[in-house]
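In the UniProt record's numbering, the protein residues as written are 1 to 343.
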């Protein structure tokens with residue numbers, strides 16, 4: 001495999017980068033109309049994190065609505081800052097569109113950090129969405145808010161890899177708005193970006209369990225169902241169960257409603273791209289998140305049926321069936337809403 005191309009020549013000179021931030025990003029994301037909460041001592045930062053395709057775009061409006069009822073926040077979407085780069089649209093429409101993100105990413109990540117610093121200097125409430133492809137960036141941002149005295153709450157999107165891969169393909173082929181957040185054109189997220197962010201989220205969850213400046217964590221399924229919550233205790237730290245909850249949610253069997261949606265999306269994908277549909281169906285089965293493979297067997301054209309049978313009998317799946325009763329207790333949690341914020 002050839003080495004990746006050197007895209008460093010796309011990094012903007014500092015004066016150009018600063019001008020774009022001052023003239024484009026500040027007026028759009030940090031207008032003068034945003035003000036601190038009039039009475040609350042600590043500003044609030046809510047950070048929504050999940051791999052690409054996990055459903056952040058569907059969860060964010062619920063959180064934003066809850067925050068707007070208290071005090072309108074600055075709303076940052078990490079992925080959209082690259083659209084401010086002068087080369088982004090040219091690169092995304094070039095013969096190598098996969099170069100667009102790595103070429104413009106360094107400036108975009110810098111702009112996001114600058115926006116966060118500006119919000120902190122003005123003591124504004126903040127809602128931030130991040131895919132955690134660069135986990136250290138998220139850690140730095142969370143640390144910035146924590147050290148500035150913010151109340152920091154994190155919403156972790158706990159979604160199996162097969163479903164987020166399917167989500168990426170579904171939103172692209174069905175031309176859903178979340179395929180092009182902000183000013184970004186609708187595009188198909190590369191598998192590597194998905195996989196990097198999927199791994200990055202777990203590393204961030206493990207890190208969250210260790211730090212002492214995050215006040216509350218909500219582990220959320222698609223559909224905004226709160227599967228687990230964790231609050232800092234009298235020692236000032238969380239109880240250390242975020243990574244465990246994320247891992248459990250990623251590996252649990254799907255509910256009947258989740259299976260229904262997944263099968264419907266797979267059927268639509270098969271009509272659009274049969275080869276990709278077979279690949280994702282195989283991933284769904286291999287991850288053991290669907291316990292009744294009869295939903296998919298008949299649709300797996302070209303897939304190894306004996307492997308499907310093998311996966312259905314695997315010890316890990318048997319354990320998941322055993323644990324399914326305890327996992328279903330999570331369904332008693334209410335949907336994510338205003339009551340989960342600022343407790």
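Yeah, the Cβ is synthetic: ideal placement off N, Cα and C, and Gly gets one too.
- Task: Using alpha carbons as the reference points, say which of 77, 89 and 9 lies closest to residue 113.
- Result: 77
- Message: With distance defined between alpha-carbon atoms, name the residue in 22, 213 and 261 nearest to residue 163.
- Response: 261
- First and last residue of the uninterrupted alpha helix (DSSP H) at residue 218: Here residue 218 belongs to no alpha helix (DSSP H); instead the beta strand (DSSP E) covers 216 to 220.
- Item | Which listed residue (6, 22 and 199) has its alpha carbon closest to that of residue 131 | 199
- Item | C-beta atoms of residue 356 and residue 84 nearer than 8 Å | Residue 356 is absent from the structure shown; the chain starts at 1 and stops at 343.
- For the beta strand (DSSP E) that residue 269 lies in, which residues bound it at each end? Element bounds for residue 269: not the beta strand (DSSP E) but the alpha helix (DSSP H), 256 to 272.
- Query: Would you report the Cα separation of residue 18 and residue 105, rounded to the nearest angstrom?
  - Reply: 15 Å
- Message: Does residue 275 pass the burial test, meaning 16 or more other C-beta atoms within 10 Å, or should it be called exposed?
- Response: exposed
- Task: With a cut-off of 8 Å on the beta carbons, I'd call residue 124 and residue 36 a contact; round off their distance for me.
- Result: 6 Å
- Message: Which same chain residues end up closer than 7 Å to residue 55 when comparing Cβ atoms and leaving out the 5 residues on each side of it in sequence?
- Response: 157, 159, 167 and 222
- Query: Run through DSSP, which three-state label would residue 29 get?
  - Reply: helix
- Query: Roughly how many angstroms lie between the CA atoms of residue 180 and residue 165, to the nearest whole one?
  - Reply: Unreliable positioning characterises residue 180 in this predicted model, as indicated by a pLDDT of 45, which lies under 50. A coordinate reading is not provided.
- Hey, quick one: how far does the alpha helix (DSSP H) through residue 168 stretch, first residue to last? 161 to 173
- Query: Does the beta-carbon of residue 236 have 16 or more other beta-carbons within 10 angstroms, so that it is buried, or is it exposed?
  - Reply: exposed
- Query: Does the Cβ of residue 47 lie closer than 7 Å to at least one heavy atom of the ligand NAP?
  - Reply: For the structure depicted, the ligand NAP is absent and the ligand set is empty, with no information on it obtainable.
- Three CB pairs or more closer than 8 Å across the region 138 to 152 and the region 222 to 232: no
- Message: In the DSSP output, what is residue 70 paired with across the bridge?
- Response: Partner(s): none; residue 70 has no beta bridge.
- Task: Enumerate, from N- to C-terminal direction, the unbroken beta strand (DSSP E) stretches of 3 or more residues contained entirely within the region 71 to 145.
- Result: 74 to 77 and 126 to 130
- Message: Measuring straight from C-alpha to C-alpha, what distance separates residue 201 and residue 39?
- Response: 34 Å
- Query: Alpha carbon to alpha carbon, how far is residue 2 from residue 43?
  - Reply: 48 Å
- State buried or exposed for residue 272, treating a residue as buried only when at least 16 other CB atoms are found within 10 Å of its CB. exposed
- Task: Kindly indicate the opening and closing residues of the alpha helix (DSSP H) around residue 245.
- Result: 242 to 251
- Message: Using a 10 Å radius around the Cβ and a threshold of 16 neighbouring Cβ atoms, would you call residue 133 buried or exposed?
- Response: buried
- Assign residue 18 to one of three DSSP states: helix, strand, or coil. helix
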